[in-house]
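Everything on this sheet refers to the single structure shown next.
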Amino acid sequence: MVVNLVQERLGASSMAEQVLRTIGPVVLLGPPGAGKGTQSKRITEHYHIPQVSTGDLLREHVRQQTPLGIEVQAVIARGELVPDHLVCDIVAWRLRQPDADRGFILDGFPRTQKQAAWLDSFLKFEFFETGKWASWLPIVIRIQVDYNKLLLRITGRRTCPTCGAIYNVHSNPPLVDEICDKDGTKLVIRDDDRDEVIRERLDTYERQTKPVAEYYDKLGRLVTINGDQSVDDVSAAILKEIDGRACGVASGTEVKGN
Ligand code: AMP
Ligand code: ZN
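Here the sequence shown is numbered in the working numbering, starting from 384 and rising by one per residue.
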């Protein structure tokens, strides 16, 4: 009985340590529709670190019609990239929130080489030189998916405006057509998921974001995961990667490149 209790406590505390240790920065790269949003949510739930999605942050500014939101809404609607300095300011603000102290997942950022270089120095100064973390080097994971499969995925995507759940009419449909399983809200197609915008977004990705992958690849920090597997298999591969490379605060060593 006592032994069981001790074992239970030990088990619980080592589980807590396992889950609540410092994870550090995780960058998820991949074209629109590669499943970055879905995977980010899963990583968030697993490690209890926040998802920082620049797309979501920008859309929230647009929804609230802040000065920034008004400035960027036309750019977003055209599927083009918001200027680097505006996006970097939002990210800096977000990463300084206390819930980002053990780590975070960047979803949709960096999208340009300039953003990647800015992120490196931001992380170095804010998290490493302050003694918060043993390393500032992000774990960079690229989810790779075949172009035609991407088109099918994006055109099938539906989101719930109430709870944010993501469905796909081809691969992950709701129980009732166009209705959220969780709260019965009518699902919507995001404005920038509409046909005419998609090609522009994929082209923008090709043109501007590929160099980001190359930037990290040259530094030996890029891990590529096959996004054509099931959602569960992609998650498992990502968690394995993070578990193997997350930076502990106590170790005082840098995360090694792969
Ligand atoms: P997402 O939801 O990540 O696909 O982002 C939606 C839109 O927000 C993009 O098409 C861009 O217009 C803008 N956006 C999001 N993240 C960035 C970023 N890192 N740099 C520039 N623009 C961005
Ligand atoms: Zn919902």
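Glycine is no exception: its CB is placed at the ideal position from the N, C-alpha and C atoms. The model shown is predicted, which means the values in this text are computed figures rather than measured ones.
Check: residue i C-beta below 7 Å from any heavy atom of the ligand AMP
i	result
residue 418	no
residue 492	yes
residue 462	yes
residue 528	no
residue 436	yes
residue 681	The chain is shown only over 384 to 641; residue 681 falls outside these bounds and no answer can be derived.
residue 458	yes
residue 445	no
residue 415	yes
residue 600	no
residue 422	no
residue 575	yes
Cβ-based neighbour list, residue i, same chain, cut-off 7 Å, excluding 5 preceding and 5 following
i	result
residue 569	561 and 562
residue 497	467
residue 620	608
residue 618	422 and 425
The ligand ZN heavy atom lying under 7 Å from the CB of residue i
i	result
residue 439	no
residue 615	no
residue 532	no
residue 471	no
residue 545	yes
residue 565	yes
residue 568	yes
residue 483	no
Of the listed residues the options, nearest to residue i (C-alpha basis)
i	options	result
residue 595	493, 506 and 548	493
residue 555	604, 624, 430 and 535	535
residue 529	614, 609, 427 and 583	609
residue 501	479, 470 and 486	470
residue 523	438, 604 and 583	604
residue 475	504, 413, 611 and 546	504
residue 624	521, 459 and 448	521
residue 460	442, 617, 448 and 495	442
residue 414	527, 446 and 547	527
residue 601	588, 499 and 506	499
residue 544	552, 457, 574 and 532	574
residue 586	438, 456, 462 and 418	462
residue 598	618, 557 and 525	525
residue 480	490, 509 and 417	509
residue 532	580, 517, 515 and 553	553
Cβ shell of residue i (< 8 Å), same chain only, five flanking positions each side left out
i	result
residue 483	432, 433, 435 and 477
residue 551	536, 539, 540 and 541
residue 645	This structure leaves residue 645 out entirely; the chain is present only between 384 and 641.
Close-in-space but distant-in-sequence residues of the same chain around residue i (CB under 6 Å, 5 per side omitted)
i	result
residue 576	537 and 540
residue 511	519
residue 440	473
Residue i in three-state terms, based on DSSP
i	result
residue 490	strand
residue 461	coil
residue 498	helix
residue 591	helix
residue 607	strand
residue 434	strand
residue 601	helix
residue 419	helix
residue 569	strand
residue 413	coil
residue 627	helix
Secondary structure, alpha helix (DSSP H): runs of 4+ residues fully inside the region 519–561: Here the runs fully enclosed are 530–538.
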